[in-house]
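Trainee: Encoded as structure tokens, here's the structure I'll be asking about.
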Amino acid sequence: MPELPEVETVKRGLEKLVITKVIKAIDNDNPKSFPNDPHAVQQFAIGSSIVSVSRRAKVLLIGLSTDYTLMVHLRMTGQLVYVGSERWGAGHPNESLVNALPDKSTHVMIEFSDGSHLYFNDQRKFGWVKLLPTALVPQDPFMQKVGPEPLEPEFSDEVFINRIRRRKGTSVKAAILDQTVLAGVGNIYADESLWGANIHPSAIVGDLTDTQLRLLKKEIVYVLKLSIEKGGSTDRNYVDAEGKKGNYIDFARVFRREGLDCPRCSTIIEKSRVAGRGTHTCPSCQKK
DNA sequence: CACTTGACCTGTCCGC
DNA sequence: TGCGGACAGGTCAAGT
Numbered sequence: 000m001p002e003l004p005e006v007e008t009v010k011r012g013l014e015k016l017v018i019t020k021v022i023k024a025i026d027n028d029n030p031k032s033f034p035n036d037p038h039a040v041q042q043f044a045i046g047s048s049i050v051s052v053s054r055r056a057k058v059l060l061i062g063l064s065t066d067y068t069l070m071v072h073l074r075m076t077g078q079l080v081y082v083g084s085e086r087w088g089a090g091h092p093n094e095s096l097v098n099a100l101p102d103k104s105t106h107v108m109i110e111f112s113d114g115s116h117l118y119f120n121d122q123r124k125f126g127w128v129k130l131l132p133t134a135l136v137p138q139d140p141f142m143q144k145v146g147p148e149p150l151e152p153e154f155s156d157e158v159f160i161n162r163i164r165r166r167k168g169t170s171v172k173a174a175i176l177d178q179t180v181l182a183g184v185g186n187i188y189a190d191e192s193l194w195g196a197n198i199h200p201s202a203i204v205g206d207l208t209d210t211q212l213r214l215l216k217k218e219i220v221y222v223l224k225l226s227i228e229k230g231g232s233t234d235r236n237y238v239d240a241e242g243k244k245g246n247y248i249d250f251a252r253v254f255r256r257e258g259l260d261c262p263r264c265s266t267i268i269e270k271s272r273v274a275g276r277g278t279h280t281c282p283s284c285q286k287k
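For reference, each letter of the first sequence is one residue, going 0 to 287 in numbering that gives the first Met the number 0.
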């Protein structure tokens, strides 16, 4: 589920909600969701306070006062939801979810000393919460190989073109989904940005011009920024740190709009399969 | 090496 | 209504 804009939205929410909170207890029901040595958890997490929340690619990093970090990947269906000690008042945008937590998909539960909680929910159990020394975060194999952050200034046209051209034999959709090319694009923003650039997802990278790739890079940055403004995309499971849904999907041009009109030319949007993923295109705007 | 496919899980939806 | 199969936003290991 969550791609860069969703993880960024969770990060911004958590930053406001959990900094300075002291961890009183952590429970989990599944070692895949919480693959940590209980002794390390006891020694370096329990009793520590949260000093920072940051994001790299689709990974959330919750910094602790012990110089350890809780590294969180939401994968497909993960949620990280904060619930205050008095819950949320009536009228909360997602009252039914928040007030029902924990539920059967809650796999990690962090209790703070003030009685509030942070719940890690994950229907499909692909996500995880790992505790490790902060100094070792950069040594993580994924962190070692992940590409540049698309919303940082160093993500220039040259950087993007050089990196994506390493994948010259593959489809452009597979290339932008490749986290070593750039960080944070998933299926939604791949389809949305390719539509924006008038490029067919199955086009081979080696057949695209630098002009097309520059436009694609611009569209990737555009859709990611727009989605952050809208609080991300809720297609199924995604919610932010307060349990609220995102609104980008209302602004999507092709994603999940098969059978509807292309907003640019009114041709009916099609759904197909590219790079093993459900793929949405306008057959008129995005010629093969 | 470059690239593609299947696996990891659970839930939901669609066709018979 | 029940059942089987396909599919769902990510990543990695194993295969070609």
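Glycine residues also receive a C-beta, built at the ideal position from the N, C-alpha and C atoms.
#1: Quick check on T68: does DSSP put it in helix, strand or coil?
#2: Please report the straight-line C-alpha distance between A274 and K57, rounded to a whole angstrom.
#3: Anyone know if the C-beta pair for K243 and S115 falls short of 8 Å?
#4: With a threshold of 7 Å on Cβ separation, who are the neighbours of L130 within its own chain once the five nearest residues in sequence on each side are excluded?
#5: Thinking just about the alpha-carbon of each residue, which of L59, S32 and S64 is nearest to the one in G46?
#6: Relative to the C-alpha of L3, which candidate in V128, G168, R123 and L181 has its C-alpha closest?
#7: For the stretch 160-176 against the stretch 95-111, do three or more pairs of beta-carbon atoms, one drawn from each stretch, fall closer than 8 Å, so that the two count as touching?
#8: Return the Cβ separation of I248 and T233 in integer angstroms, given the expectation that the two are a contact with Cβ distance under 8 Å.
#9: Checking the sheet assignment: what are the DSSP bridge partners for W127?
#10: Would you identify the three-state DSSP class for H116, choosing helix, strand or coil?
#11: Is the beta carbon of V184 less than 8 Å from the beta carbon of I219?
#12: Just to confirm, is the Cβ distance from L59 to V97 under 8 Å?
#13: If we ignore side chains and look at the alpha-carbon of each, how far apart do S155 and D113 end up?
#14: Please classify K172: is it buried, with 16 or more other beta-carbons within 10 angstroms of its beta-carbon, or exposed?
#15: Tell me where the alpha helix (DSSP H) around V82 begins and ends.
#16: Please state the DSSP three-state secondary structure of G195.
#17: Need the endpoints of the beta strand (DSSP E) that V222 sits in, please.
#18: So the candidates are V80, R55, S283 and H279; which of them puts its Cα closest to the Cα of P200?
#19: Compare the Cα-Cα distances from F125 to each of G205, F33 and F111 and report the closest residue.
#20: Under 8 Å by Cβ, that's how I've got V222 and S192 pegged, so tell me the actual separation to the nearest angstrom.
#21: DSSP on T24, reduced to helix/strand/coil?
#22: If you run the structure through DSSP and keep just helix, strand and coil, what is I18?
#23: Can you check which of these residues, N236, G245 and K217, is closest to G230 by C-alpha distance?
#24: Relative to the alpha-carbon of T133, which residue among V52, N197, E228 and V82 has its alpha-carbon at the smallest distance?
#25: Beta-carbon separation of V128 and F119 under 8 Å?
#26: Closest to K224 by C-alpha separation, out of V238, Y188 and R165, would be which residue?
Mentor: For this structure:
#1: Residue state, collapsed to three classes: strand.
#2: Cα to Cα, the separation comes out at about 20 Å.
#3: Going by C-beta atoms, K243 is not nearer than 8 Å to S115.
#4: Only N35, A39, V40, F43, A44, Y67 and L69 meet the Cβ criterion.
#5: Residue S64 is the option with its Cα nearest to G46.
#6: It is L181 whose Cα lies nearest to the Cα of L3.
#7: Output reads no: the stretch 95-111 does not touch the stretch 160-176.
#8: By a beta-carbon distance limit of 8 Å, I248 contacts T233. Their separation comes to about 6 Å.
#9: Paired residue(s): H72.
#10: DSSP, read as helix, strand or coil, puts H116 in strand.
#11: In this structure, I219 lies closer than 8 Å to V184 by Cβ.
#12: Against a cut-off of 8 Å, the Cβ pair of V97 and L59 comes out as no contact.
#13: The C-alpha of S155 lies about 45 Å from the C-alpha of D113.
#14: It counts as buried.
#15: No alpha helix (DSSP H) contains V82, which is instead part of the beta strand (DSSP E) from G77 to V82.
#16: Note: G195 maps to helix in three-state DSSP.
#17: Run containing V222: none in the beta strand (DSSP E); it sits in the alpha helix (DSSP H), D209 to E228.
#18: Nearest Cα to P200 within the set V80, R55, S283 and H279: H279.
#19: Ranking G205, F33 and F111 by CA distance to the CA of F125 puts F33 first.
#20: Contact flag correct, Cβ pair sits at about 5 Å.
#21: With the sequence shown as reference, residue 24 is identified as Ala, and Thr is not the correct amino acid for it. In the three-state reduction of the DSSP assignment, A24 falls in the strand class, which pools E and B.
#22: Correct three-state label for I18: coil.
#23: Nearest of N236, G245 and K217 to G230, Cα basis: G245.
#24: Comparing alpha carbon positions, the residue from V52, N197, E228 and V82 closest to T133 is V52.
#25: A Cβ-Cβ contact shorter than 8 Å links V128 with F119.
#26: Here the closest residue by C-alpha is Y188.
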